[in-house]
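Residue numbers (the numbering used here): 1 to 250. Positions of the beta carbon are idealized from the N, C-alpha and C atoms, including for glycine. Only a predicted model underlies this, so the values are computations on that prediction, with no experimental measurement involved. Let me begin by presenting the structure, written as structure tokens, before commenting on it.
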């Protein structure tokens with residue numbers, strides 16, 4: 001599958017901008033005002049960016065209070081990342097479940113923590129979509145936001161009874177569900193672009209041996225080898241690394 005790197009860069013920049021202070025957030029190049037959804041109970045935020053008959057839904061990624069410019073060469077900083085991002089948001093609450101009332105025909109099961117976060121903002125997303133005539137919906141997110149974007153894309157296609165075309169761009173996203181979910185997602189959302197930078201540790205989680213599988217299709221950017229093996233696994237997750245590498249592909 002070919003990829004338009006200029007589009008990928010556009011959505012990666014949105015993923016970076018959504019980390020701003022959510023009460024005063026600004027997205028560059030927008031003509032229409034964004035619709036901000038902030039669910040404090042689950043600490044889940046996303047923005048709906050209108051553009052005529054098209055929208056982009058941007059899910060905020062892992063803890064925005066984390067300093068992405070930190071020096072991961074030190075053990076203390078790697079430990080901080082592990083505690084704040086991996087243990088708290090990516091690995092926590094990873095029991096698999098099917099979140100809908102009707103029974104799954106595909107055997108789909110999904111990470112319960114990701115489901116809880118996504119479902120806390122789902123009604124507002126659905127309300128917006130149902131009240132607008134749209135021809136295209138693009139969903140995007142970095143890190144945890146990529147996991148929520150994955151759930152959102154397939155949810156819109158399958159459960160919203162909506163005919164708009166759907167695309168998804170994720171950056172450094174973790175695995176979301178089991179093999180049943182992977183197959184269902186791939187069938188329903190073929191226009192999927194999952195970017196992984198270099199040695200980024202987050203896409204390795206949760207582990208395959210725990211029953212989790214990645215959705216298609218993966219696009220690798222950056223080097224998969226580094227003399228600074230440990231720090232590279234954390235540094236390569238930063239959204240600015242993704243942006244810089246996507247610019248080189250233009």
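Cα-Cα separation between residue i and residue j, rounded to whole angstroms
i           : j           : result
residue 108 : residue 177 : 7 Å
residue 186 : residue 215 : 6 Å
residue 55  : residue 2   : 22 Å
residue 230 : residue 194 : 23 Å
residue 254 : residue 240 : Any answer about residue 254 is impossible in this case: the structure gives the chain only from 1 up to 250.
residue 179 : residue 217 : 14 Å
residue 5   : residue 232 : 23 Å
residue 110 : residue 84  : 22 Å
residue 102 : residue 154 : 16 Å
residue 245 : residue 52  : 30 Å
residue 139 : residue 74  : 35 Å
residue 16  : residue 211 : 30 Å
Three-state secondary structure (DSSP) of residue i
i           : result
residue 188 : helix
residue 3   : coil
residue 89  : helix
residue 233 : helix
residue 116 : helix
residue 19  : coil
residue 200 : coil
residue 105 : coil
residue 72  : coil
residue 250 : coil
residue 244 : helix
For residue i: DSSP bridge partner residues
i           : result
residue 47  : 36 and 58
residue 97  : 110
residue 171 : 142 and 195
residue 165 : 136
residue 219 : 195
residue 177 : 110 and 213
Sub-9 Å separation of residue i and residue j beta-carbons
i           : j           : result
residue 90  : residue 202 : yes
residue 59  : residue 149 : yes
residue 61  : residue 112 : no
residue 121 : residue 24  : no
residue 184 : residue 130 : no
residue 175 : residue 116 : no
residue 160 : residue 207 : no
residue 18  : residue 145 : yes
residue 158 : residue 188 : yes
Three or more C-beta pairs below 8 Å linking the segment 7-23 and the segment 163-170: The segment 7-23, when compared against the segment 163-170, does touch it at the 8 Å Cβ threshold.
Decide yes or no for the touch test of the segment 194-209 against the segment 223-232: beta carbon pairs closer than 8 Å, at least 3 of them. yes
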